Amino acid sequence: MWIGIAEFDFLLGDVHSLKTKRSLVRPLIAECKRRFSVSVAEVDHLDAHRRTTIGVSLVAADRGHVVDILDSVERFAAARPEVELLSVRRRELSSTDI
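For my numbering, count along the sequence shown from 1 and bump the result up by 295.
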């Protein structure tokens with residue numbers, strides 16, 4: 296069993312309220328869930344208007360599948376015009392690593 300985790304740190308565009316931030320973050324999270332069948336949540340910078348960190352995780356039978364999915368999610372996140380991807384931290388773990 297392989298576990299993949301990633302944290303995507305974003306700078307949001309012209310955002311001046313948490314309500315506007317949520318209108319950008321919610322669709323991003325929903326599309327990641329729908330398109331890649333991964334678990335996704337906002338995990339940091341919850342009270343900051345212009346920053347957010349999105350956490351993504353998945354479990355698969357082989358490492359190659361985990362790497363492919365995380366690569367796809369990263370490309371998707373980097374291509375979003377309304378947000379700027381600042382950094383990505385990711386890790387693939389085997390069940391024997393835990």
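Note that the Cβ used here is the ideal one computed from N, Cα and C, for glycine as well.
Please read these numbers as outputs of a predicted model, since none were measured by experiment.
Contacts around residue i, its chain only, beta-carbon distance under 6 Å, and the 5 residues preceding and following it disregarded
i, result
"ILE364", "PHE331 and LEU353"
"SER334", "SER352"
Cα-Cα separation between residue i and residue j, rounded to whole angstroms
i, j, result
"ASP342", "SER389", "34 Å"
"MET296", "ILE393", "11 Å"
"ARG386", "THR348", "16 Å"
"CYS327", "ASP309", "22 Å"
Contact belief for residue i with residue j at Cβ below 8 Å, rounded distance in angstroms
i, j, result
"HIS360", "HIS311", "The pair is not a contact, with the Cβ atoms about 40 Å apart (cut-off 8 Å)."
"VAL368", "ALA325", "In fact, because the Cβ distance is near 13 Å, the residues do not count as touching under 8 Å."
"LEU319", "VAL378", "7 Å"
"LEU381", "LEU313", "In fact, because the Cβ distance is near 19 Å, the residues do not count as touching under 8 Å."
Beta-carbon contacts of residue i that lie in its chain and below 8 Å, excluding the five residues immediately before and after
i, result
"VAL362", "GLY299 and GLU387"
Burial state of residue i (16 or more Cβ within 10 Å)
i, result
"ALA374", "exposed"
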